[in-house]
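Numbering (UniProt numbering), first residue to last: 1 to 431.
Glycine residues also receive a C-beta, built at the ideal position from the N, C-alpha and C atoms.
Just so we're clear, the structure is a prediction, and the values are computed from it rather than from any experiment.
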């Protein structure tokens with residue numbers, strides 16, 4: 001009599017659960033545009049969601065703790081002249097987010113810690129280089145300010161957002177539409193999937209495809225799913241890959257190992273409502289006291305529903321085996337170092353005492369950084385003092401008054417942010 005051997009894994013009993021109704025984000029007009037991105041990006045401070053907007057493209061940014069019904073007049077991030085197709089938070093600054101659009105541009109935004117009173121319309125930098133819509137953006141995992149964009153012009157561009165410069169343009173590598181792009185852990189290579197059914201591994205600095213003729217797969221997993229696109233999320237700390245079907249209502253997860261059969265099915269989280277998009281929280285944003293190993297932000301037609309994945313444990317102590325040191329918010333390289341050929345692994349942090357998000361900070365760069373010098377709102381045409389009809393002393397007086405007003409506004413903004421932080425601490429029961 002043979003006995004079936006059950007494979008041992010600490011993740012065999014990972015189980016998903018949606019949060020309570022009052023911890024969801026309600027009354028959000030999630031975008032209906034036909035595109036295969038996740039429509040949602042999250043970090044330990046904010047959740048950002050691409051939304052419906054008249055006369056252009058927009059996304060909404062909500063503080064993570066601001067759950068419940070969203071005010072219909074809540075400010076949006078608007079600046080694109082056509083629908084937004086993808087958004088991605090900078091891994092090295094929780095207040096910086098990039099957006100890609102059908103208008104062929106990429107925009108980079110600095111989000112304040114406080115909730116602004118009106119729409120954000122002025123990006124800190126606009127990146128122009130694509131000739132068709134831009135549907136994919138991905139920040140470099142270890143180098144400061146390096147951003148990748150891929151468009152329907154079959155072009156991949158690497159940018160230094162701190163200077164607004166195009167670092168590299170990878171042309172003539174894809175014969176058809178690029179479906180997705182991902183970096184490896186240290187950002188030395190990237191991988192693309194394409195409509196021509198080829199997977200390419202690319203060394204961007206050498207401008208070379210280093211692998212694309214894969215023979216037989218080492219593992220093949222049949223998926224019982226609809227014709228919708230699968231959104232993959234990989235957690236390198238646990239070696240778990242989560243597959244979320246867009247238009248599907250389930251999240252399937254598998255453990256990846258170095259030995260055959262390589263891919264091990266763990267379980268499936270199922271719900272009644274199909275998902276229109278999905279956000280995935282970085283590991284440093286999870287609640288280690290509850291043995292939370294993943295958190296998803298499922299988009300419905302009018303709401304965003306967090307789903308918590310946990311590993312049941314009886315002990316209240318920190319679980320070292322679940323939480324190895326994980327990439328933190330500090331970059332390991334400057335953009336010019338990476339471009340010159342240097343590689344570095346992510347700078348890791350411990351989650352033993354939890355993670356406290358950093359305050360809104362200006363980006364530190366070696367060269368002059370556009371992100372540190374936000375252009376003033378309004379017309380960008382320069383105007384001399386003689387055109388304005390003001391004498392030099394009068395102009396100087398006006399400039400001094402503007403400077404004083406700016407300082408007053410900044411002082412008030414800081415006070416508002418401090419008060420909001422205190423209020424959050426009070427409502428969270430920490431005071």
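Alpha-carbon spacing of residue i relative to residue j, whole angstroms
i: residue 51; j: residue 57; result: 8 angstroms
i: residue 183; j: residue 359; result: 27 angstroms
i: residue 409; j: residue 395; result: 21 angstroms
i: residue 74; j: residue 68; result: 13 angstroms
i: residue 46; j: residue 258; result: 35 angstroms
i: residue 245; j: residue 222; result: 14 angstroms
i: residue 175; j: residue 339; result: 26 angstroms
i: residue 274; j: residue 412; result: 43 angstroms
i: residue 13; j: residue 288; result: 17 angstroms
i: residue 81; j: residue 329; result: 32 angstroms
i: residue 203; j: residue 422; result: 47 angstroms
i: residue 145; j: residue 164; result: 10 angstroms
i: residue 353; j: residue 318; result: 8 angstroms
i: residue 159; j: residue 200; result: 20 angstroms
i: residue 313; j: residue 218; result: 33 angstroms
i: residue 357; j: residue 281; result: 13 angstroms
i: residue 103; j: residue 55; result: 12 angstroms
i: residue 324; j: residue 59; result: 34 angstroms
i: residue 213; j: residue 173; result: 14 angstroms
i: residue 416; j: residue 99; result: 27 angstroms
Residue i vs residue j beta-carbon contact at 8 angstroms
i: residue 161; j: residue 149; result: no
i: residue 424; j: residue 25; result: no
i: residue 254; j: residue 265; result: yes
i: residue 53; j: residue 85; result: no
i: residue 109; j: residue 120; result: yes
i: residue 327; j: residue 348; result: yes
i: residue 38; j: residue 231; result: yes
i: residue 114; j: residue 420; result: yes
i: residue 61; j: residue 111; result: yes
i: residue 48; j: residue 97; result: yes
i: residue 123; j: residue 151; result: no
Assigned exposure category for residue i - 16 Cβ within 10 Å defines buried
i: residue 88; result: buried
i: residue 211; result: exposed
i: residue 15; result: exposed
i: residue 301; result: exposed
i: residue 220; result: exposed
i: residue 418; result: exposed
i: residue 11; result: buried
i: residue 247; result: exposed
i: residue 351; result: buried
i: residue 452; result: Nothing in the structure corresponds to residue 452, since the chain is present only between 1 and 431.
i: residue 341; result: exposed
i: residue 403; result: exposed
CB contact check: residue i to chain B, cutoff 8 angstroms
i: residue 33; result: Any reference to chain B falls outside this structure, which holds one protein chain only.
DSSP three-state assignment for residue i, whether helix, strand or coil
i: residue 400; result: helix
i: residue 28; result: coil
i: residue 35; result: coil
i: residue 289; result: helix
i: residue 405; result: helix
i: residue 90; result: coil
i: residue 426; result: helix
i: residue 154; result: coil
i: residue 343; result: coil
i: residue 421; result: helix
i: residue 258; result: coil
i: residue 335; result: helix
i: residue 395; result: helix
i: residue 202; result: strand
i: residue 413; result: helix
i: residue 284; result: helix
i: residue 98; result: strand
i: residue 235; result: strand
i: residue 23; result: helix
i: residue 219; result: coil
i: residue 173; result: coil
i: residue 195; result: coil
i: residue 317; result: coil
i: residue 356; result: coil
i: residue 249; result: coil
Cβ distance (whole Å) where residue i is taken to contact residue j below 8 angstroms
i: residue 169; j: residue 157; result: 5 angstroms
i: residue 142; j: residue 344; result: 5 angstroms
i: residue 283; j: residue 249; result: That pair is no contact at about 25 angstroms.
i: residue 234; j: residue 294; result: With 8 angstroms as the limit, residue 234 and residue 294 do not qualify as a contact, their Cβ atoms being about 11 angstroms apart.
i: residue 83; j: residue 125; result: Not quite, the Cβ-Cβ distance comes to about 20 angstroms (not below 8 angstroms), so this is no contact.
i: residue 137; j: residue 147; result: 6 angstroms
i: residue 40; j: residue 297; result: 5 angstroms
i: residue 187; j: residue 130; result: About 21 angstroms; that fails the 8 angstroms criterion.
i: residue 308; j: residue 322; result: The pair is not a contact, with the Cβ atoms about 14 angstroms apart (cut-off 8 angstroms).
i: residue 171; j: residue 155; result: 6 angstroms
i: residue 30; j: residue 299; result: 5 angstroms
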